[in-house]
Amino acid sequence: MNKSIKAVYALPMVAAGLSACGSDDVRERPNIIFIMTDDHTTQAMSCYGGNLIETPNMDRLAEEGMRFDNVYATNALSGPSRACILTGKLGHLNGFTDNACRFDGSQQTFPKLLQEAGYKTGIVGKWHLISEPEGFDHWSIVTGQEEQGDYYSPEFLENGTPVTEDGYVTDVITDKALAFIDDVREEAPFMLMLHHKAPHRNWMPAPRHLGMFNDVTFPEPETLFDDYEGRGEAARSQDMSVAETLQDDWDLKLLTREEILAGNNRLYDVYTRMPEEVQHKWDSVYAPRIAEYRSRKMSGKELVSWKYQQYMRDYLATVTSVDESIGRVLDHLEACGELDNTIIVYTSDQGFFLGEHGWFDKRFMYEECQRMPFLVRYPAAVKAGSVTSALGMNIDFGPTFLDFAGVDVPEDMQGRSLRPVLENEGTVPEDWREAVYYHYYEYPAEHLVKRHYGIRTADCKLIHFYNDIDQWEMYDMTADPHELRNVHEDPAYSSKREEMHALLTKVQQEYQDTDPCEKEKVLFQGDRRFFDRTK
Ligand code: SGN
Ligand code: CA
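What follows is the structure, encoded as structure tokens:
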């Protein structure tokens, strides 16, 4: 890989009003490292009480910082979540409503504002917004498979130049992150977006983690065999089930080397990116799985349980590489004396289903994927081991960083700085928001999750599936945390329903999404990359 990135980009001048890079008033401001993974969910983090895996380095961030228990994606999908984070605005205003959009890079973003204020800005890893990054002194983004990136020998576009790197994607992205830190840290405060590909589908572990969970049997979620009784059409008509949607080749890796190399399967392209010695390790690790599958001839619930185990083994092994990456970043910052001078955030672009409701993937405004992990370590302001229930959204991240950097948060950013929560041991400010907003657009498309919008308060959730069906769902989050009983039509909840509908109207006014059903028709006539949005 490119060991010195200094040569490939020019350092910008500091903004007017600030003294030269490296002078005291600039250096007083904290560095910011925003670590974001792809599809990592709180159920797979021990610091969130997950019972699947130990994540010691994520736990260290929680122990030395603050854990947010109620931070939510406003649209649980990659590109839209990333666009919200960059702009501090919801999708209908930043223009990126689903993964087929192209980000308008000319608009205001928090990295641009930090760069103008004298920060050195960088992004390494998954970008997934199709237009080239703007507002970064250094950028190196994965390009394979429509910008999803490859697990092995990943390809990057680095400051406009294509490069292919040897190695495993999480490690390569981490190397690039550490190189960026080393290159800029003596000159100015920096803001680095470290965006992992892992643990995105199809969950290919690092060579050292292949097979690490082969002898482990993971607990099944209570709702693995959900029958959707008491829910609407949307939950029944999705295409993201462990039972039906996981693919034998791509997801479950049920092909031998000879079968893969014969071609005509989805594994071929990703398998042949691995060095041959890794392919051999892969073969030995998956051979018992393939043999078991072929000899047992399972069906029904037994087969679903079995698929769930294989899914967890690969997903969680992939998470392990991310946890190790966080450890490397922390060690590196410690070694170069920047650890306590840096706001370190860990999050994911959204949560994920790990078998809950019988599903993988995300998209729904249900808890497992609407909720994002969000950990913040910054000892100068954040009490170690603190926890907050403050309702946060991904549009809050940019305002929070600007606030800590001493940059005014522009009026048109819709998010709100989380700084008062962070500085006050997690206490929710009195004038804090009552609800978070959600609006998902990508339908018809992969996984067939219907368009919907809604709000979540501390104790209730209201959802409207609005396009080809017109169905409301409401969940009592205290009595029914797994969202199994739709109480929207339940007379016992009639006053709560009225209250939630009134609040939804108020929230939609506040976020200028007052006519979502009409507006989405207009949105989908724009520049589409691959979905047919005419329906
Ligand atoms: C790929 C995956 C989907 C996933 C989307 C979006 N399919 O298309 O399962 O929902 O990415 O994910 S795959 O067969 O190619 O693995 S996102 O996180 O980028 O929004
Ligand atoms: Ca994602």
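Following our numbering, the residues of the sequence shown are numbered contiguously, the last one being 530. Heads up, the beta-carbon is just placed ideally off N, CA and C, and yes, glycines get one too. Quick caveat: nothing in here was measured; it's all calculated off a predicted structure.
Q: Report the option in G353, L328, D485, Y461 whose CA atom is closest to the CA atom of N26.
A: Here residue 26 refers to the residue found at position 31 when the sequence shown is read from its first residue. Closest option to N26, judged by alpha-carbon separation, among G353, L328, D485, Y461: L328.
Q: Go through its chain and collect everything with a Cβ distance to H204's Cβ below 7 Å, but skip five positions before and after it.
A: Start at 1 with the first residue of the sequence shown, and residue 204 comes out as number 209. A312, T315, S316.
(Q) By alpha-carbon positions, which one of F392, V402, F359 ends up nearest to R451? (A) Stepping through the sequence shown from its first residue, residue 451 is reached at position 456. With distances taken between Cα atoms, R451 lies closest to F359.
Q: Have a look at H190, E505, T37, D244 and flag the residue whose alpha-carbon is nearest the alpha-carbon of I548.
A: Given that the chain is displayed from residue -4 to residue 530, the structure contains no residue 548 and the question cannot be resolved.
Q) At which residue ranges does the segment 289 to 377 contain complete alpha helix (DSSP H) runs of 4 or more residues, listed in the order of the chain? A) Counting whole runs of 4 or more residues, the segment 289 to 377 contains the alpha helix (DSSP H) stretches 295 to 330, 362 to 365.
Q | Neighbour-count burial assignment, C512, 16 or more Cβ in a 10 Å radius | A | One-based indexing of the sequence shown puts residue 512 at position 517. By the beta-carbon neighbour count (other beta carbons within 10 angstroms, threshold 16), C512 is exposed.
Q. Under a Cβ-count criterion, where at least 16 other Cβ atoms within 10 Å of its own Cβ denotes burial, should K302 be classed as buried or exposed?
A. The residue given as residue 302 occupies position 307 in the sequence shown. So K302 counts as buried.
Q.
Please tell me whether, using a cut-off of 7 Å, the distance from the CB of S73 to the nearest non-hydrogen atom of ligand 2 is below it.
A. Numbered from 1 along the sequence shown, position 78 holds the residue referred to as residue 73. Answer for S73: yes, Cβ within range of ligand 2.
Q) Taking 7 Å as the cut-off, is the CB of D246 close to at least one heavy atom of ligand 3? A) This structure does not include ligand 3; its bound ligands are ligand 1 and ligand 2.
Q: Could you tell me which residues DSSP puts in a beta bridge with H190?
A: Here residue 190 refers to the residue found at position 195 of the sequence shown. M31, G120.
Q) Per DSSP, which one or two residues make a beta bridge with Q140? A) Taking the first residue of the sequence shown as 1, we reach residue 140 at position 145. For Q140, DSSP records no beta bridge to any residue.
Q: Please report the residue range of the alpha helix (DSSP H) in which V502 lies.
A: To locate residue 502, count along the sequence shown from 1; it is residue 507. Segment 489 to 505, the alpha helix (DSSP H) holding V502.
Q) Taking three-plus beta-carbon pairs below 8 Å as touching, is the segment 110 to 120 in contact with the segment 227 to 245? A) Too few Cβ pairs lie closer than 8 Å, so no.
Q: With D264 as the anchor, note down where its beta strand (DSSP E) starts and where it stops.
A: Position 269 of the sequence shown, counting from 1, holds the residue named residue 264. Per DSSP, D264 belongs to no beta strand (DSSP E); it is in the alpha helix (DSSP H), 262 to 266.
(Q) Taking the straight line between their C-alpha atoms, what separation do you get for Q274 and S384? (A) One-based indexing of the sequence shown puts residue 274 at position 279. One-based indexing of the sequence shown puts residue 384 at position 389. So the two alpha carbons sit approximately 45 Å from each other.
Q: To the nearest angstrom, report how far apart D607 and R446 are at their CA atoms.
A: The requested residue 607 is not part of the displayed model; the chain covers only -4 to 530.
Q | Residue span of the beta strand (DSSP E) that contains T165, given as start and end | A | Translated into the one-based positions of the sequence shown, residue 165 becomes position 170. Here T165 belongs to no beta strand (DSSP E); instead the alpha helix (DSSP H) covers 164 to 179.
Q. Since I80 is in the beta strand (DSSP E), which residue starts that stretch and which ends it?
A. In the sequence shown, the residue the question calls residue 80 occupies position 85. Element bounds for I80: not the beta strand (DSSP E) but the alpha helix (DSSP H), 73 to 82.
Q. Relative to ligand 1, is the shortest distance from any of its heavy atoms to the C-beta of H442 smaller than 7 Å?
A. Position 447 of the sequence shown, counted from the first residue, corresponds to residue 442. In this structure, H442 has its beta carbon less than 7 Å from a heavy atom of ligand 1.
Q: Pick out the complete beta strand (DSSP E) segments inside the segment 433 to 493, 3 residues or longer, and give them in chain order.
A: Restricting attention to beta strand (DSSP E) runs no shorter than 3 residues, the segment 433 to 493 encloses them at 447 to 451, 455 to 460, 466 to 471, ordered along the chain.
Q. Thinking C-beta only, is N419 closer than 8 Å to I80?
A. Numbered from its first residue, the sequence shown carries residue 80 at position 85. Numbered from its first residue, the sequence shown carries residue 419 at position 424. The criterion of a C-beta distance shorter than 8 Å is not satisfied by I80 and N419.
Q. Measuring from the CB of Q345, is there a heavy atom of ligand 2 at a distance below 7 Å?
A. The sequence position of residue 345 within the sequence shown is 350, counting from 1. Taken from the Cβ of Q345, at least one heavy atom of ligand 2 lies inside 7 Å.
Q: Please classify D426: is it buried, with 16 or more other beta-carbons within 10 angstroms of its beta-carbon, or exposed?
A: For the purposes of this step, residue 426 is identified with residue 431 of the sequence shown, where counting begins at 1. Here D426 is exposed, its C-beta having fewer than 16 other C-beta atoms within 10 Å.
**Q.** Check whether G113 and A183 have beta carbons under 8 Å apart
**A.** By one-based count along the sequence shown, residue 113 stands at place 118. By one-based count along the sequence shown, residue 183 stands at place 188. Yes; because the gap between Cβ atoms is below 8 Å, this pair is in contact.
Q. Would the beta-carbon of H123 fall within 8 Å of that of R77?
A. Position 128 of the sequence shown, counted from the first residue, corresponds to residue 123. Position 82 of the sequence shown, counted from the first residue, corresponds to residue 77. Contact: yes.
**Q.** Rounded C-alpha distance that separates E441 from H87
**A.** Within the sequence shown, residue 441 is the residue found at index 446, counting from 1. Within the sequence shown, residue 87 is the residue found at index 92, counting from 1. Those two C-alpha atoms are separated by around 21 Å.
(Q) Just to confirm before moving on: does the CB-CB distance between N535 and V280 stay below 8 Å? (A) A question about residue 535 goes unanswered here, because the residues of the chain that appear run from -4 up to 530.
Q: Return the residue from the list R180, G144, Q110 that minimises the CA-CA distance to V164.
A: On the sequence shown, residue 164 is found 169 positions in, with the first residue counted as 1. That would be G144, whose Cα lies nearest to the Cα of V164.
**Q.** DSSP-derived helix/strand/coil call for N154
**A.** By 1-based counting over the sequence shown, the position of residue 154 is 159. N154 falls in the coil class under three-state DSSP.
Q) Terminal residues of the continuous alpha helix (DSSP H) containing F63? A) Here residue 63 corresponds to residue number 68 of the sequence shown, with the count starting at 1. F63 -> not in any alpha helix (DSSP H); beta strand (DSSP E) instead, spanning 61 to 63.
Q.
Quick check on this structure: which residue in D454, Y488, V482 has the alpha carbon closest to the alpha carbon of T473?
A. Taking the sequence shown and counting its residues from 1, the one referred to as residue 473 is at position 478. The residue among D454, Y488, V482 with its C-alpha nearest the C-alpha of T473 is D454.
(Q) Tell me which residues share the same chain as I136 and place their Cβ nearer than 6 Å to its Cβ, disregarding the 5 neighbours each side in the sequence. (A) Taking the first residue of the sequence shown as position 1, residue 136 is located at position 141. Within the same chain, Cβ atoms closer than 6 Å to the Cβ of I136 are found at W122, L152, the five residues on either side in sequence being excluded.
Q. Looking at C-alpha atoms only, which residue of V299, V444, F399 is the closest neighbour of Y361?
A. The count along the sequence shown starts at 1 and reaches residue 361 at position 366. Closest by alpha carbon: V444.
Q: To the nearest angstrom, report how far apart T267 and N260 are at their CA atoms.
A: Within the sequence shown, residue 267 is the residue found at index 272, counting from 1. Within the sequence shown, residue 260 is the residue found at index 265, counting from 1. Each residue's alpha carbon lies about 12 Å from the other.
Q: Determine contact between the segment 371 to 381 and the segment 67 to 75, defined as no fewer than three beta-carbon pairs at a distance below 8 Å.
A: At 8 Å Cβ cutoff, the stretches do not touch.
(Q) For ligand 1, I want to know if R196 counts as a neighbour, meaning its beta carbon is within less than 7 Å of at least one of the ligand's heavy atoms. (A) By 1-based counting over the sequence shown, the position of residue 196 is 201. Annotation for R196 indicates a beta carbon within 7 Å of some heavy atom of ligand 1.
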